[in-house]
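The numbering of the sequence shown is the working numbering, which starts it at 9 and goes up by one. What follows is one structure encoded as structure tokens, with my remarks underneath.
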Amino acid sequence: MPVDPALAGLLEAIEAGTPISQLSPGDARAVFRAMTVDGRPPGTLAPVASVTDDKVAGGDGPLAARVYRPEGAGPFPTVVLLHGGGWVIGDLDTHAAMARAICAGAGAVVVAVDYRLAPESRFPAAAEDAIAAVRDVRTRLASYGGSEVLAVAGDSAGGNLSAVVTQHVPGLAAQLLVYPATDVLGDYASRTENAHGYFLDEPTMAWFIGSYVAPETDLTDVRLSPLRGDLAGLPPAVVVTAEFDPLRDEGIAYADALAAAGVRVEQATYPGLIHGFFDMGPWSPACQSAVDDTVARFAALLRG
Numbered sequence: 009m010p011v012d013p014a015l016a017g018l019l020e021a022i023e024a025g026t027p028i029s030q031l032s033p034g035d036a037r038a039v040f041r042a043m044t045v046d047g048r049p050p051g052t053l054a055p056v057a058s059v060t061d062d063k064v065a066g067g068d069g070p071l072a073a074r075v076y077r078p079e080g081a082g083p084f085p086t087v088v089l090l091h092g093g094g095w096v097i098g099d100l101d102t103h104a105a106m107a108r109a110i111c112a113g114a115g116a117v118v119v120a121v122d123y124r125l126a127p128e129s130r131f132p133a134a135a136e137d138a139i140a141a142v143r144d145v146r147t148r149l150a151s152y153g154g155s156e157v158l159a160v161a162g163d164s165a166g167g168n169l170s171a172v173v174t175q176h177v178p179g180l181a182a183q184l185l186v187y188p189a190t191d192v193l194g195d196y197a198s199r200t201e202n203a204h205g206y207f208l209d210e211p212t213m214a215w216f217i218g219s220y221v222a223p224e225t226d227l228t229d230v231r232l233s234p235l236r237g238d239l240a241g242l243p244p245a246v247v248v249t250a251e252f253d254p255l256r257d258e259g260i261a262y263a264d265a266l267a268a269a270g271v272r273v274e275q276a277t278y279p280g281l282i283h284g285f286f287d288m289g290p291w292s293p294a295c296q297s298a299v300d301d302t303v304a305r306f307a308a309l310l311r312g
């Protein structure tokens, strides 16, 4: 099917601007923040009971975190949220909508983590931060959700980091991977079919990888390409992708590999949508429907 017509204006505005791949990291972060924070219509964030700032352990010292609590008395599951942005852009504010949607929709305490970004901190800094943060949160479940259920969630680069975490932190209950990057060296048709015109494009992906990864890095390292890791025994997963996303096929490949390894997995590819749809609900009913469906699938996993 064609791209969701409700996204046409957004795509036109993106195409009219300077490509992220031609910006400095600082300017790219400012542009992304303008899109996701400043440009969000008022009153569109899902209501939650409370939002507080916190600190969690990272790979090289404490990291800023933000804790979202749902309405009700609990106990609740706890979800560590790792934001997207190509390991270069994104922060706690840019992913507040995603954190709130999971918190309210899944009835979970969400601990969003502000991991180190590239190029200031290159691979494997973000992966080390994600692993350390989840291990730290696991020691404090009584003060977060109160139940023994701990899960991870993330979109794009955050989906990559969430997949990495599950291979290094045993005992997690579930994972939510939203259009995840899973295999840097893979050859996937969607990277060609959707290389241009759908928000995330091939030059931007190359810019992200070049910023995050040093030239001498082994691109098959499972902390970078989790599809190449041992997937047996990993927690149940929800893996969602978008039809017009260059990362579509590697997300599907990861879901298929999880299933082949005996992992319970639900995979959905939403027709007509693009990379980043999780933050596009205010403009597109189809995007909001995909967000609601994704969160409902994840909530079912958290309930066991």
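Glycine included, every Cβ here is placed at the ideal spot set by N, Cα and C. Source: prediction; values computed, not measured.
Check	Outcome
For L169 and A135, believed in contact at Cβ under 8 Å, the rounded distance	6 Å
C-alpha gap between G115 and Y123, whole angstroms	24 Å
Counterpart residues of F252 in DSSP-defined beta bridges	I282
Assumed close pair L227, L193 - CB separation to whole angstroms, cut-off 8 Å	5 Å
First and last residue of the uninterrupted beta strand (DSSP E) at Q183	A182 to V186
Nearest candidate by alpha-carbon position, reference Q183, set T200, A189, G162 and A197	G162
Coarse secondary structure for A263, derived from DSSP in three states	helix
Assigned secondary structure, L169 (DSSP; H/G/I helix, E/B strand, else coil)	helix
For E274, the three-state DSSP class (helix, strand or coil)	strand
Span of the beta strand (DSSP E) around S155	G154 to D163
T190 - DSSP class collapsed to helix/strand/coil	coil
Local Cβ density within 10 Å of G94, reported as buried at 16 or more and exposed below that	buried
Among H103, M43, V142 and F216, nearest to A171 - alpha-carbon criterion	V142
Burial state of A107, where buried means 16 or more other Cβ atoms lie within 10 Å	buried
Enclosing beta strand (DSSP E) for S2 [first to last residue]	Coverage of the chain is limited to positions 9 through 312, which leaves residue 2 absent and any answer about it impossible.
Cα-Cα separation, V165 to S151	Note on identity: in this sequence residue 165 is Ala, with Val being the wrong assignment. Their backbone Cα atoms lie some 28 Å apart in a straight line.
Alpha carbon of A314 to alpha carbon of N202, nearest angstrom	In the structure as shown, the chain starts at 9 and stops at 312, and residue 314 therefore has no counterpart that could be examined.
Cα-Cα separation between L2 and E128, rounded to whole angstroms	In the structure as shown, the chain starts at 9 and stops at 312, and residue 2 therefore has no counterpart that could be examined.
Y278 and E251 closer than 8 Å at C-beta	yes
Contact between the region 24 to 34 and the region 48 to 61 (3+ Cβ pairs under 8 Å)	no
Straight-line Cα distance separating G284 from T225	27 Å
Counterpart residues of V121 in DSSP-defined beta bridges	A73 and L90
Local conformation of A114 per DSSP, three classes	helix
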